[in-house]
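The sequence shown begins at 954 in this note's numbering and counts up one residue at a time. Yeah, the Cβ is synthetic: ideal placement off N, Cα and C, and Gly gets one too. Following: one structure in structure tokens, then a few remarks.
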Amino acid sequence: MPDTTNAPTPTESRPDSPDTSAPTATGPQVHPVEYPEAPPDSGAAGGNQLDILLDMDVPLTAVLGTTQIPVRRLLQLGPGSVLRLEKPIEAPADLFLKEAKFAEADVVVVENQFAIRIKRILGAGTPAQGVEA
């Protein structure tokens, strides 16, 4: 049978750690632990570490308006049905990142496709100029 060594149990004192607590009948001894200091710049994220976030796609939703209808009416909808929304046509669309509203925008047409022109970013003092998505 090979020789084995026994690791110290929590109640045994170890030669490299001073015994600063008295043993109790109900639990193990507690020893203070000293951790080395981290270098001052180790917690700062480098520019290259944030680059991955700059290239991520995030879902953006433009909401023109909303309405509520009974399920009976919903089941009757078909091609050509029209649903009236609560917003007037001149009201801006709301822009959402996931479920958080972050801006308001006008709906425009660019090269035969719908687009949005950001009018106001929430929380910012001045509206953005000439931003199209």
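Residue closest to residue i, alpha-carbon to alpha-carbon, out of the options
i, options, result
"Arg1019", "Arg1026, Ser1034 and Ala1046", "Rather than Arg, the amino acid found at residue 1019 in this sequence is Thr. Checked all of Arg1026, Ser1034 and Ala1046; the closest Cα to Thr1019 is Ala1046."
"Arg1073", "Phe1055, Val1062, Glu987 and Pro1012", "Phe1055"
"Lys1040", "Lys1051, Gln1021 and Ser1034", "Gln1021"
"Gly1076", "Ala1053, Pro1032, Thr979 and Ser1034", "Ala1053"
"Asp1010", "Glu1064, Leu1028, Leu1050 and Glu1057", "Leu1050"
"Ala1015", "Glu1057, Ser1034 and Leu1028", "Glu1057"
Residue i: first and last residue of the uninterrupted beta strand (DSSP E) it sits in
i, result
"Arg1025", "Arg1025 -> not in any beta strand (DSSP E); alpha helix (DSSP H) instead, spanning Val1024 to Gln1029."
"Gln1066", "Gln1066 to Ile1074"
"Lys1054", "Ala1053 to Val1063"
"Asp1010", "Asp1010 -> no beta strand (DSSP E), and no H or E assigned at all."
"Leu1050", "Ala1046 to Leu1050"
Rounded separation between residue i and residue j - CA only
i, j, result
"Asp1059", "Leu1030", "28 angstroms"
"Leu1003", "Arg1070", "28 angstroms"
"Phe1067", "Leu1013", "14 angstroms"
"Val1024", "Leu1038", "17 angstroms"
"Val1061", "Leu1036", "21 angstroms"
"Leu1017", "Asn1001", "38 angstroms"
"Pro992", "Thr979", "39 angstroms"
With 16 other Cβ atoms within 10 Å as the buried cut-off, status of residue i
i, result
"Ile1042", "exposed"
"Leu1048", "buried"
"Pro985", "exposed"
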